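Beneath this line is the structure, given in structure tokens, with notes to follow.
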Amino acid sequence: MEPTENKPSFMDRGTLVAFAIILLFWFGWSRYMDKQTPAVTATPVVEAKTGNAGAPAVNRKDPMAPTEAKAEADPANQEVVSETLLPYKDDTWSFELSNRGMGIKDVRLSNFKSRDGQTIQLSSAKEDPSFATGLAPYDKPIFFNVQQTAPDTFVGKATIDGTTIEKTMKVVSSKYAVETTIRVTGLSAQHKGISTRIADIMTEPTSKKGFFDP
266 MEPTENKPSF
276 MDRGTLVAFA
286 IILLFWFGWS
296 RYMDKQTPAV
306 TATPVVEAKT
316 GNAGAPAVNR
326 KDPMAPTEAK
336 AEADPANQEV
346 VSETLLPYKD
356 DTWSFELSNR
366 GMGIKDVRLS
376 NFKSRDGQTI
386 QLSSAKEDPS
396 FATGLAPYDK
406 PIFFNVQQTA
416 PDTFVGKATI
426 DGTTIEKTMK
436 VVSSKYAVET
446 TIRVTGLSAQ
456 HKGISTRIAD
466 IMTEPTSKKG
476 FFDP
């Protein structure tokens, strides 16, 4: 065996000098790359806190945030008047035209009879009118000032918060239809458009059941 003192040491002078040169080269290269690469500034993140834990924060000054409609735009604040009904009748059918949204109610088909010989009735006068017009997003009918301009034509006008609505209804009895035209002027930002409400409940037949009825 050779004596251990004759073996060269790993940490001799040459190794230390080479290690120092590598460190200096790495440090210089890092400084060079830092100067070549532009610094990126991180965008600060601001967390808004509210009194309610877990509730999402809302930036009140954000122009993209949804805004609530003004209370005065609600048709409920329109001058409340009593409901008036204008009757319409011809040889084909009959109904009553309400000033509430200019909807129709108490529709009766003159040429159709039940087994008891009664005229078919599609809706009752006690129910809400069908095809009543309102201002979206509200689900309430508008009170119109209605006039019958011709035997088969009705025209109604209403004004709410600067918005004027004119509704014209022309009865086409040959098709059991009412052709409707609505014109809106001065639509404010609070209103989203025109809505039409259809009554959910129609009058059920009250005649006696037939032999094959369950």
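Count along the sequence shown from 1, add 265, and you get the number used in our numbering.
A virtual CB, placed ideally from N, CA and C, is assigned to each residue, including glycine.
None of these values were measured; they are calculated from a predicted model.
How big is the Cα-Cα spacing for residue i and residue j?
{"i": "Thr461", "j": "Ser347", "result": "21 Å"}
{"i": "Lys446", "j": "Gly427", "result": "The residue asked about is misnamed: residue 446 is Thr in this sequence, not Lys. Computed Cα separation, rounded: 20 Å."}
{"i": "Ala464", "j": "Gln412", "result": "23 Å"}
{"i": "Glu361", "j": "Ser453", "result": "31 Å"}
{"i": "Asp371", "j": "Glu392", "result": "8 Å"}
{"i": "Arg278", "j": "Met298", "result": "31 Å"}
{"i": "Arg448", "j": "Asp381", "result": "44 Å"}
{"i": "Ser395", "j": "Ala442", "result": "13 Å"}
{"i": "Thr414", "j": "Phe377", "result": "29 Å"}
{"i": "Ala283", "j": "Arg296", "result": "20 Å"}
{"i": "Glu418", "j": "Thr398", "result": "One detail in the question is off: residue 418 reads as Thr in this sequence, not Glu. Cα-Cα distance, rounded: 17 Å."}
{"i": "Phe409", "j": "Ser379", "result": "35 Å"}
{"i": "Leu213", "j": "Leu374", "result": "The first residue shown for the chain is 266 and the last is 479, placing residue 213 beyond what the model contains."}
{"i": "Val420", "j": "Thr384", "result": "28 Å"}
Report back the beta-carbon spacing between residue i and residue j to the nearest angstrom; my notes put them in contact at under 8 Å.
{"i": "Ile407", "j": "Gly368", "result": "Their Cβ separation, rounded to whole angstroms, is 10 Å, which puts Ile407 and Gly368 out of contact at 8 Å."}
{"i": "Glu444", "j": "Lys432", "result": "The pair is not a contact, with the Cβ atoms about 11 Å apart (cut-off 8 Å)."}
{"i": "Ser438", "j": "Thr349", "result": "Contact doesn't hold; Cβ gap of about 23 Å is too wide."}
From the DSSP output, read off the bridge partner residues of residue i.
{"i": "Arg448", "result": "Glu431"}
{"i": "Thr418", "result": "Ala415, Lys435"}
{"i": "Thr461", "result": "Thr398"}
{"i": "Val443", "result": "Val436"}
{"i": "Leu350", "result": "Ser363"}
{"i": "Thr424", "result": "Thr429"}
Quiz prompt | Contact between the stretch 444-464 and the stretch 394-405 (3+ Cβ pairs under 8 Å) | solution = yes
Quiz prompt | Continuous beta strand (DSSP E) assignments of at least 3 residues falling wholly in the stretch 352-421 | solution = Entirely contained in the stretch 352-421, the beta strand (DSSP E) runs reaching 3 residues are, in chain order, 358-363, 369-378, 384-386, 397-401, 410-415.
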